[in-house]
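Under full-length UniProt numbering, the letters of the sequence shown match residues 1 to 224, in that order.
By construction, the Cβ of each residue, glycine as well, lies at the ideal position given by its N, Cα and C atoms.
The structure displayed is predicted, hence computed values, not measured ones.
The structure appears below as structure tokens.
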Amino acid sequence: MSDTATMPRKPKSSPPAPPDLALKKAPSQSRAVETYERILGACGELLGEVGIERLSTNLVCQRAGISPPALYQYFPNKYAILHELGTRLMAVQNELLTPWAVPSTFELGEQDFAASVAELFLRTLELTAHMPAGIWVTRALRAVPSLQEVRNRSHDFVTDMLLVPFMTAHPRADRMQARLTIRLAIDALYAAQELLFDDPSLDPQAVATTMAQMVSAQLMRLRG
């Protein structure tokens with residue numbers, strides 16, 4: 001019998017547990033709200049300065065001018081703070097869709113619809129770039145596995161939000177295929193936005209136009 005056959009097997013190590021993202025409590029009094037917002041603001045500032053890996057709750061406390069216990073009243077770790085920043089970013093981005101997501105938008109011809117998608121894409125890009133740490137929060141939602149659910153949940157919400165006016169405008173379209181196409185379009189547009197943040201040499205207008213034409217062409221095929 002070989003030596004390797006008699007060697008005891010090492011127990012398989014369990015994957016690390018995902019970080020707790022749940023808010024410990026929501027601030028209620030004005031002073032607590034101020035502390036809460038200072039934590040978020042400090043985290044956003046530091047995220048752009050030191051990046052995701054070097055970011056720590058101690059650094060956030062130093063920047064916010066508070067003690068660690070004050071931070072831990074609300075957030076169990078840095079990922080919970082990033083989770084809140086990501087949720088806020090997605091909500092603000094989605095607000096841009098409200099006046100756009102109406103049946104009349106989906107009744108536009110292919111070129112006009114593409115132009116409206118391109119305009120919305122550029123507005124979302126500008127909004128994200130001008131939000132405190134918006135670009136870095138976007139990167140965190142992609143890079144940190146435990147935070148990806150924030151983006152996925154938002155994309156599911158937007159998909160259902162857009163499906164209603166699309167089906168109202170085109171009731172004979174295949175609903176399941178329409179939902180799949182809209183969801184893929186949202187993910188593709190979001191990926192294009194991330195690409196522009198990662199590669200500033202690209203022309204935002206060219207990217208917006210190209211992506212919008214692709215999305216428009218796919219949706220035109222679904223019209224009944």
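- Rounded to the nearest whole angstrom, the CA to CA distance from Leu-59 to Arg-38 is 13 Å.
- Ala-178 and Leu-147 have their C-alpha atoms some 27 Å from each other.
- Across the structure, Leu-189 and Gly-41 are spaced so that their CA atoms are roughly 27 Å apart.
- Positions of the alpha helix (DSSP H) runs, each at least 4 residues long and wholly inside the region 135-193, are given as 148-169 in order along the chain.
- In the DSSP assignment, Met-214 falls within the unbroken alpha helix (DSSP H) covering 204-222.
- Counting only residues of its own chain and dropping the five nearest sequence neighbours on each side, Val-215 has a CB closer than 8 Å to the CB of Ala-114, Val-117, Ala-185, Ala-188, Leu-189.
- Take Glu-194, set aside five residues on each side of it, and the residues of its chain with a beta-carbon closer than 7 Å to its own are Thr-138, Arg-142, in chain order.
- If you check the CB distance, Gly-51 and Ala-133 do not come in under 8 Å.
- Between the region 155-166 and the region 193-212 there are fewer than three C-beta pairs closer than 8 Å, too few to call the two in contact.
- Restricting attention to Thr-210, Ala-206, Ala-140, the CA atom closest to the CA of Leu-47 is found in Ala-140.
- Contact between the region 94-113 and the region 61-81 is absent, with fewer than three C-beta pairs closer than 8 Å.
- Annotated three-state conformation of Leu-120 is helix, per DSSP.
- In the pairwise beta carbon analysis, the region 121-136 is classified as not touching the region 26-36: fewer than three pairs are separated by under 8 Å.
- Leu-21 is classed as buried because its beta carbon has at least 16 other beta carbons within 10 Å across all chains shown.
- For Pro-76, same chain residues with a beta-carbon under 7 Å away, outside a window of 5 residues either side, are Asp-20, Lys-24 in chain order.
- Distances from the CA of Met-90 to each of Ser-201, Pro-200, Arg-153 were compared; the closest alpha carbon is that of Arg-153.
- Of the residues Thr-210, Val-144, Ser-28, Asp-203, the one whose Cα lies closest to the Cα of Leu-55 is Val-144.
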